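Trainee: Could you have a look at this structure, given as structure tokens, before my questions?
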Amino acid sequence: MSCGFSRETLALHAEGDLPDSEAAATACHVASCEECRRFLEGLRVTQRVLKSARSEAASRSDCTAMRHQVMTILNERSGALGWGLRLERAVALGLRPSYGFAAVLLLGMVSASVLAQIRPAAYDILPRPEGYREWTQLPSADRVYMNPPSYRKYAKTGIFPEGTVLVWEAAPNSDGARAHATSSTLLVSFKDAKFEGGWGFFDFSGSGGTPLARARALPDSKGCRTCHRNNPLSMGV
Amino acid sequence: MGNSSVLIQTALSMSRVSDESPAAETADVSRLVRLTLRGDRTAFEQIIVRYESRIMTLAVRLLGRRDDAADVAQEVFLRAFKYLHRADPRRPLEPWLFRIAVNVCRDVMRRRQQRQATFVDDEAVEPIDQSSDPCAGLERKQQRLILQKALERLPEKERLAIVLRDIEGLSTADVAAILHSSETTVRSQVSRGRLRLKVVIGQLMGVDS
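Protein chains in written order, with the numbering used here: chain W, 3 to 239; chain A, 13 to 221.
This is the structure in structure tokens:
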């Protein structure tokens, strides 16, 4: 092809897809260029093949079978729309906008209230961390382990990130064990903005040295928060 | 059910290529949509009757297989029933259904690509429909197969643009709306697709392109 005229432009010109000004210029060029004229004719042949497919349609029997299948499914699923879609539909069907707004507002308030009640309950109980002895061990007289992703951030910033879990195993007769008045202690600190002061405290120490599988967040009356706040050795935990 | 069969017969008589003016058709479909949203399933069946052929045909053109096309059309109408309240009653329903069909077809194409990456896919391309005249149909059938093979060789975006613009005959603006794209992008895809098809069809027909 020696002519450098844009083939893409010719492809659009073949079906009148160019803006008027460009179409006029293209027509002018094609009139004077034998090569482009032949190329355009070739394109029009292909376009005719494409358009020949317009007259074809899917068979009626296929359509009917498909329709029956759809209606059967819909009849079997009668009333299976979720609440969200039902509400959307109710609004679309002509509920007054103010009613719709009130309904959405009410739904939002109820959801927020329910979530506020559910969320703390879900966070208040923590399962015992699995495999914590494989975590990063911090230098301490006691054995203190920290979940590795949080440790990596802490090592860079010096700040405990949200989600930090510190597991503390008391060494016998250590200062920590004496401070917590026990010799079989397994305590966990969990950093989450939900807790007052940003930390929740959990005691997994079970009777007879067997740790508990789950523990509830210790209440403020246990004094954990106050003691940690006033003790510089707790490093802000 | 007697009433419903009368309604369906009426709808059948109006289906495929409607003689109604676009405004009258939109108004009528809008009425059917309202009835469906109020729980009238017969009205929805009439909507299916109106558009089933167009949707099935589009799916065959995009996917090349009748069985896949039937599954696609079924999914399109089930989704349409579920989200019918989101369709704009002031506008024709067909582009909205086309948009769903294109999305469903894209999912099928992606699954097919994944399957082809794992297994050898030796399913043959099927023609859309049959001709009652075997002699006259032979050339058409060959042409159809060539076209289908050529379309299958196009990249997905170009194939979608070409089928919607050149075979379905939609305007560039409608194609852009269906593909969630701009008119400039569609023009570019159509242009590249036409050039590629010219070469591929030329090769398949044994003609120098």
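Think of the CB as a built atom: it goes at the ideal place given N, C-alpha and C, for glycine as much as any other residue.
Computed from a prediction, not measured in an experiment: that's the story for all the values here.
What are the residues in the segment 77-92 of chain A lying within 8 Å of chain W by C-beta distance?
Mentor: Cβ contacts with chain W come from R78, A81, A82, A85, Q86, F89 and L90.
Trainee: Alpha carbon to alpha carbon, what distance is there between R91 of chain A and R40 of chain W?
Mentor: Their backbone Cα atoms lie some 47 Å apart in a straight line.
Trainee: List the residues that DSSP assigns as beta-bridge partners of Y153 of chain W.
Mentor: None, per the DSSP bridge assignment.
Trainee: Work out the CA separation of N115 of chain A and Q86 of chain A for me, nearest whole Å.
Mentor: In a straight line, the C-alpha of Q86 of chain A is about 13 Å away from that of N115 of chain A.
Trainee: According to the neighbour-count rule (16 or more other Cβ atoms, all chains shown, within 10 Å of its Cβ), is W201 of chain W buried or exposed?
Mentor: So W201 of chain W ends up on the buried side.
Trainee: Would D194 of chain W and R199 of chain A qualify as a contact pair, given that the criterion is a beta-carbon distance under 8 Å?
Mentor: Cβ distance not < 8 Å, so D194 of chain W and R199 of chain A don't count as in contact.
Trainee: Taking just the CA atoms, how far does P131 of chain W sit from A157 of chain W?
Mentor: So the alpha carbons of these two residues sit roughly 21 Å apart.
Trainee: Output, in chain order, the set of chain A residues within a Cβ distance shorter than 8 Å of I75 of chain W.
Mentor: The answer, in chain order, is Q86 and L90.
Trainee: Just reading off the beta strand (DSSP E) that P129 of chain W is part of, what are its end residues?
Mentor: Its beta strand (DSSP E) spans residues I127 to P129.
Trainee: My assumption, with CB atoms under 8 Å, is that A162 of chain A sits in contact with L216 of chain A. Please give the rounded CB distance.
Mentor: Right, the Cβ-Cβ distance comes to about 6 Å (below 8 Å), so this counts as a contact.
Trainee: Below 9 Å between beta carbons is the criterion; list the residues of the segment 25-53 of chain W that meet it against any residue of chain A, in chain order.
Mentor: Those would be F41, G44, L45, V47, T48, Q49, V51, L52 and K53, in chain order.
Trainee: For D205 of chain W, write down the residues that DSSP places opposite it in a beta bridge.
Mentor: DSSP, once it has assigned bridges, lists W:L189 as partnering D205 of chain W.
Trainee: Identify whether Y63 of chain A lies in helix, strand or coil by the three-state DSSP scheme.
Mentor: Here Y63 of chain A sits in helix by DSSP.
Trainee: Just confirm the distance between the C-beta atoms of G7 of chain W and C30 of chain W, as a whole number of angstroms; I'd bet it's less than 8 Å.
Mentor: The residue you asked about is not Gly; residue 7 of chain W is Phe in the sequence shown. Going by Cβ atoms, the distance from F7 of chain W to C30 of chain W rounds to 11 Å, so no, they are not a contact pair.
Trainee: Look at the alpha carbon of P129 of chain W and the alpha carbon of V167 of chain W, and state the distance between them as a whole number of angstroms.
Mentor: P129 of chain W and V167 of chain W: Cα-Cα distance of roughly 12 Å.
Trainee: Have a look at the DSSP bridge pairing and note the partners of E171 of chain W.
Mentor: E171 of chain W pairs with W:R145 and W:L188.
Trainee: I want to see whether chain W comes within less than 8 Å of T196 of chain A, judged by CB atoms only; does it?
Mentor: Answer no: the Cβ-Cβ gap between T196 of chain A and chain W never drops below 8 Å.
Trainee: Do T159 of chain W and M148 of chain W have their beta-carbon atoms positioned less than 8 Å apart in this structure?
Mentor: Cβ atoms of M148 of chain W and T159 of chain W: not closer than 8 Å.
Trainee: By the 10 Å Cβ neighbour count, where 16 or more other Cβ atoms means buried, how is A217 of chain W classified, buried or exposed?
Mentor: A217 of chain W should be labelled buried.
Trainee: When you check each C-beta in the segment 219-231 of chain W against every C-beta of chain C, which residues fall closer than 7 Å?
Mentor: Structure shown: chain C not included; protein chains present are W and A.
Trainee: Between the beta-carbon of S65 of chain A and the beta-carbon of A60 of chain W, is there less than 8 Å?
Mentor: Yes.
Trainee: First and last residue of the beta strand (DSSP E) that includes L140 of chain W?
Mentor: Per DSSP, L140 of chain W belongs to the beta strand (DSSP E) from T138 to L140.
Trainee: In terms of residues, what are the limits of the beta strand (DSSP E) holding A195 of chain W?
Mentor: Premise fails: A195 of chain W is in no beta strand (DSSP E) and is neither H nor E.
Trainee: Using a Cβ distance threshold of 8 Å, determine whether the segment 95-108 of chain A contacts the segment 85-95 of chain W, with at least three qualifying pairs required.
Mentor: Yes: the two stretches touch, three or more of their Cβ pairs being nearer than 8 Å.
Trainee: Entirely within the segment 65-118 of chain A and at least 4 residues each: give me those alpha helix (DSSP H) ranges in chain order.
Mentor: The segment 65-118 of chain A contains these whole alpha helix (DSSP H) runs: 78-94.
Trainee: Which residue marks the beginning of the beta strand (DSSP E) containing R218 of chain W, and which one marks its end?
Mentor: Looking at the DSSP string, the run of the beta strand (DSSP E) that includes R218 of chain W is R216 to R218.
Trainee: Going by the CB atoms, is the gap between H15 of chain W and A26 of chain W shorter than 8 Å?
Mentor: Going by C-beta atoms, A26 of chain W is not nearer than 8 Å to H15 of chain W.
Trainee: Pick from A:V175, A:F89 and A:V72: whose alpha carbon is nearest that of V202 of chain A?
Mentor: With distances taken between Cα atoms, V202 of chain A lies closest to A:V175.
Trainee: Just how far apart, CA to CA, sit L191 of chain A and R111 of chain A?
Mentor: Cα-Cα distance, rounded: 7 Å.
Trainee: Considering only residues of the same chain and omitting the five flanking positions on each side of S194 of chain A, which have a CB-CB separation below 8 Å?
Mentor: A188.
Trainee: Where do the ends of the alpha helix (DSSP H) carrying A29 of chain W lie?
Mentor: Start and end: D22 to S34.
Trainee: Note down, in chain order, each residue of its chain lying with its Cβ closer than 8 Å to the Cβ of E168 of chain A, except the 5 sequence neighbours on either side.
Mentor: Cβ neighbours of E168 of chain A beyond the five flanking positions: R118 and M121.
Trainee: Would you mind reading off the limits of the alpha helix (DSSP H) that contains V45 of chain A?
Mentor: Unbroken alpha helix (DSSP H) run through V45 of chain A: P34 to L49.
Trainee: Could you spell out the range, first to last residue, of the alpha helix (DSSP H) harbouring D186 of chain A?
Mentor: D186 of chain A -> alpha helix (DSSP H) spans T184 to I190.
Trainee: Under DSSP, the alpha helix (DSSP H) around I174 of chain A begins and ends at which residues?
Mentor: Residues E168 to I174.
Trainee: Tell me which residue opens and which closes the alpha helix (DSSP H) that T228 of chain W is part of.
Mentor: C226 to N232 is the span of the alpha helix (DSSP H), which, as asked, contains T228 of chain W.
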